[in-house]
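Below you'll find the structure, written out as structure tokens, and then a few comments.
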Amino acid sequence: PVAAWVLSGLSGFLPQIPLTRGKSARQQLEERGLLEEYRRKIPYSPAAKFLPRNEQSMVPMTFDPDTTYYGEIGIGTPPQIFKVLFDTGSSDLWVPSVSCTSSACDKHSKFNSSASSTFEAGTKTFTILYYNGYSSGITGYELIEIGNLFVHNQIIGLAETESIFLDSVPWDGILGLAFPGLSHEGGTPLFNTIWNQNNIPQNMFSMYLSSSVEGSMLILGGMDSSYFTGTMKWIPVYMATNFWNIQIQSITINGNTVACSGSCAAVVDSGTSFIIGPDKDITNINGWLGASLDQNGDATVSCGVTHFLPDVVFNINGYSFALPPSAYVLKLVVLTNDFINVNKSCVKKFTIFRSNVSFI
1 PVAAWVLSGL
11 SGFLPQIPLT
21 RGKSARQQLE
31 ERGLLEEYRR
41 KIPYSPAAKF
51 LPRNEQSMVP
61 MTFDPDTTYY
71 GEIGIGTPPQ
81 IFKVLFDTGS
91 SDLWVPSVSC
101 TSSACDKHSK
111 FNSSASSTFE
121 AGTKTFTILY
131 YNGYSSGITG
141 YELIEIGNLF
151 VHNQIIGLAE
161 TESIFLDSVP
171 WDGILGLAFP
181 GLSHEGGTPL
191 FNTIWNQNNI
201 PQNMFSMYLS
211 SSVEGSMLIL
221 GGMDSSYFTG
231 TMKWIPVYMA
241 TNFWNIQIQS
251 ITINGNTVAC
261 SGSCAAVVDS
271 GTSFIIGPDK
281 DITNINGWLG
291 ASLDQNGDAT
301 VSCGVTHFLP
311 DVVFNINGYS
321 FALPPSAYVL
331 KLVVLTNDFI
341 NVNKSCVKKF
351 TIFRSNVSFI
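Counting in the UniProt record's numbering, the sequence shown runs from 1 upward without gaps.
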């Protein structure tokens with residue numbers, strides 16, 4: 001297990017929400033023989049999420065087949081249970097509605113407002129733009145059960161239309177943990193409401209991500225020191241008004257600066273599974289790793305050389321964080337003709353470094 005990132009600093013008895021590392025959309029689509037078709041129909045453009053607001057007509061989201069961590073919350077009275085992606089790169093909470101007419105909603109839990117005694121209808125609508133379709137619906141106010149906490153009168157989005165790619169994600173909806181300025185539903189994000197209602201001892205949260213199916217955790221109000229060894233390295237936020245921004249001094253390989261020369265800002269986003277950056281920097285990183293592009297634009301390396309690849313070092317706030325090849329190279333599998341039986345033999349691997357967004 002790896003302690004992925006932390007935004008808090010308090011030990012003790014705190015609300016904890018177990019996170020599951022479920023089967024990714026990539027794995028599900030590969031098993032059904034649909035991955036290439038989906039990639040052609042729905043380009044993966046993670047950069048769109050971080051465009052300036054004046055360049056967004058709505059909330060941009062794209063097909064991300066590798067984001068897999070999610071946890072459960074209850075909505076309404078009695079609680080209706082939903083699996084949600086806890087996303088530090090957005091600020092809104094939304095789940096499918098029973099009124100949803102899209103086939104994607106049929107694969108997920110749907111909220112029935114008429115079955116809840118605490119639901120209050122909102123006056124606003126919301127729309128989340130996708131590159132091939134969209135999700136839209138109405139808003140309302142509800143009682144949210146998260147961990148052992150009850151959060152009253154929280155604004156939620158109830159999706160009535162969803163893009164087709166959502167039928168392959170393991171979660172039902174998204175719970176945003178970014179700043180209020182990113183909200184497109186026009187309300188207070190859930191974590192801010194939790195703090196405003198005096199439900200936690202400090203205005204902090206932390207997230208621990210494990211490589212195992214079980215064991216990951218979201219902790220509200222602080223952190224749990226049992227999830228890490230050594231001393232915690234604290235990184236100040238940098239010009240953070242919407243996203244959780246930090247400043248990186250440089251990215252190096254074998255002591256050579258390969259990206260972020262002269263420092264740059266970056267977004268800490270639990271809802272994005274790749275490390276993305278400008279074409280020049282990402283191309284340079286993958287070049288130093290000896291990676292070549294395949295037909296999908298993935299930078300790939302042979303499995304035979306993985307153990308010889310260098311660490312990619314992120315120099316942040318005077319600390320050096322080394323990312324080993326086991327962390328930045330993802331294994332691909334070969335599928336048999338029936339797309340059900342999976343051959344675990346490794347043919348190639350691709351890196352998590354993807355181009356198409358400028359550092360702030």
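Note that the Cβ used here is the ideal one computed from N, Cα and C, for glycine as well. For clarity, every value in this text was computed on a predicted model and none was experimentally measured.
Tell me, which residues are paired with residue 158 by DSSP? 95, 138
State the Cα-Cα distance for the pair residue 149 and residue 248, rounded to the nearest angstrom. 35 angstroms
Taking buried to mean at least 16 other C-beta atoms within 10 Å of its own C-beta, is residue 181 buried or exposed? exposed
When the Cα atoms are used, what is the spatial distance from residue 207 to residue 15? 12 angstroms
Check the C-beta distance from residue 113 over to residue 158 and give it rounded, since I have them as a contact under 8 angstroms. 7 angstroms
Spatial neighbours of residue 190 in its chain, beta-carbon cut-off 7 angstroms, leaving aside the 5 residues before and after: 93, 144, 151, 154, 175
Do residue 139 and residue 185 have their C-beta atoms within less than 8 angstroms of each other? yes
Rounded separation between residue 17 and residue 68 - CA only: 15 angstroms
Quick one: residues in its chain with C-beta nearer than 7 angstroms to the C-beta of residue 229, no 5 flanking neighbours on either side, listed in chain order? none
Indicate whether residue 200 and residue 220 have their beta-carbon atoms separated by less than 8 angstroms. yes
Using DSSP with H/G/I as helix, E/B as strand and the rest coil, what is residue 360? Caution is warranted here: a pLDDT of 38 is assigned to residue 360, below 50, making its placement in the model unreliable, and the coordinate value is therefore given only provisionally. Coil, per DSSP.
Inter-stretch contact at 8 angstroms, needing at least 3 Cβ pairs: the segment 282 to 294 / the segment 91 to 110: no
State the Cα-Cα distance for the pair residue 331 and residue 146, rounded to the nearest angstrom. 34 angstroms
Residue(s) in a DSSP beta bridge with residue 233: Looking at the DSSP assignment, residue 233 forms no beta bridge with any residue, so it has no partner.
Same chain, Cβ closer than 7 angstroms to residue 77, five either side skipped, listed in chain order: 116, 117, 118, 143
Per DSSP, what kind of secondary structure is residue 107 in: helix, strand or coil? helix
Taking only the alpha-carbon atoms, compute the straight-line gap between residue 241 and residue 80 and give it to the nearest angstrom. 33 angstroms
Using a 10 Å radius around the Cβ and a threshold of 16 neighbouring Cβ atoms, would you call residue 121 buried or exposed? exposed
Should residue 279 be labelled buried (16 or more other beta-carbon atoms within 10 Å of its own) or exposed? exposed
Residues sharing a beta bridge with residue 179, DSSP: In the DSSP output, where bridge partners are listed per residue, residue 179 has none listed.
From residue 13 to residue 19, what does the alpha carbon distance come to, in whole angstroms? 18 angstroms
Which same chain residues end up closer than 6 angstroms to residue 56 when comparing Cβ atoms and leaving out the 5 residues on each side of it in sequence? For residue 56, the pLDDT reaches just 40, beneath the cut-off of 50, and the residue's location in the model is therefore unreliable, although a value from the coordinates is still provided. No residues qualify anywhere along the chain.
What is the rounded straight-line gap between the Cα of residue 237 and the Cα of residue 268? 10 angstroms
Residue 353 classed as buried or exposed, judged by whether at least 16 other C-beta atoms fall within 10 angstroms: buried
Can you tell me where the beta strand (DSSP E) holding residue 20 begins and where it ends? 16 to 21
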